[in-house]
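Inspection log for the structure reproduced underneath, given as structure tokens.
Residue numbers (this note's numbering): 1 to 234.
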């Protein structure tokens with residue numbers, strides 16, 4: 001309890017200290033940090049490994065939402081090198097680096113907002129996303145999860161690894177701050193910005209279940225990412 005209280009106290013202080021800092025556009029944020037991105041994300045090394053282990057080995061056709069430079073794909077392809085992957089991301093420079101790393105793989109990249117990407121109908125064995133969806137409000141995620149479910153083949157899996165809010169207070173605090181800052185800086189509704197607005201595990205799972213998924217494994221990793229495996233109902 002004390003550690004959670006200390007965490008929330010520190011979070012409130014950080015939000016206060018950065019209250020006048022403009023929110024960065026999503027693609028610009030990651031483009032500016034590309035050189036050190038993979039080193040920064042290496043803190044989730046164990047999670048990347050576990051993420052790859054949870055993905056069913058018989059998956060052949062995979063869609064990666066917010067793939068970045070493909071750190072999760074590095075681990076997945078080590079386990080099965082012939083998987084056919086489509087990676088969608090807003091940042092072209094990250095996709096370029098992904099293609100450079102994996103020029104020998106069956107890989108298609110799409111530089112696009114994945115809320116607008118056509119996921120198709122019963123097209124994918126698995127849809128995956130690692131540390132991306134916590135940037136978006138649940139209203140947007142609800143619609144996306146429904147389209148993910150539609151795009152998966154029967155029995156397909158949605159594998160999600162993400163930052164999860166520790167409690168309702170953190171979820172509400174970050175959401176209210178996010179909305180306040182969008183208004184403060186006059187950010188249009190259709191512009192994506194980099195700011196964390198995670199849901200609690202209960203609320204994340206509720207969204208998935210309401211979209212038509214059956215929850216499978218839920219793994220809370222020591223390095224801070226929570227992995228949720230959700231299967232499309234038959």
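Note that beta-carbon positions come from the ideal geometry of N, C-alpha and C, so glycine has one too.
For the options 191, 62, 99 and 100, the alpha carbon positioned closest to that of residue 82 is the one of 62. Distance between residue 109 and residue 5, taken at the CA atoms: about 42 angstroms. For residue 126, the beta-bridge partners assigned by DSSP are 62 and 157.
In the three-state reduction of the DSSP assignment, residue 109 falls in the strand class. Here the C-alpha atom of residue 41 lies approximately 33 angstroms from the C-alpha atom of residue 233. By the neighbour-count criterion, in which 16 or more other beta carbons inside 10 Å mark a residue as buried, residue 202 falls on the exposed side.
For residue 148, no beta strand (DSSP E) segment is defined; the enclosing uninterrupted segment is the alpha helix (DSSP H) at 138 to 151. Distance from the Cα of residue 189 is smallest, within the candidate group 21, 60, 165 and 139, for 139. By the C-beta density criterion, residue 141 is buried, having at least 16 other C-beta atoms within 10 angstroms.
Residue 86 sits in a strand when the DSSP states are folded into three classes.
The segment 215 to 232 and the segment 160 to 175 touch, with three or more beta-carbon pairs separated by less than 8 angstroms. With contacts defined as CB atoms closer than 7 angstroms, residue 152 and residue 124 qualify as a contacting pair.
In the displayed model, residue 118 falls within coil according to three-state DSSP, outside both helix and strand.
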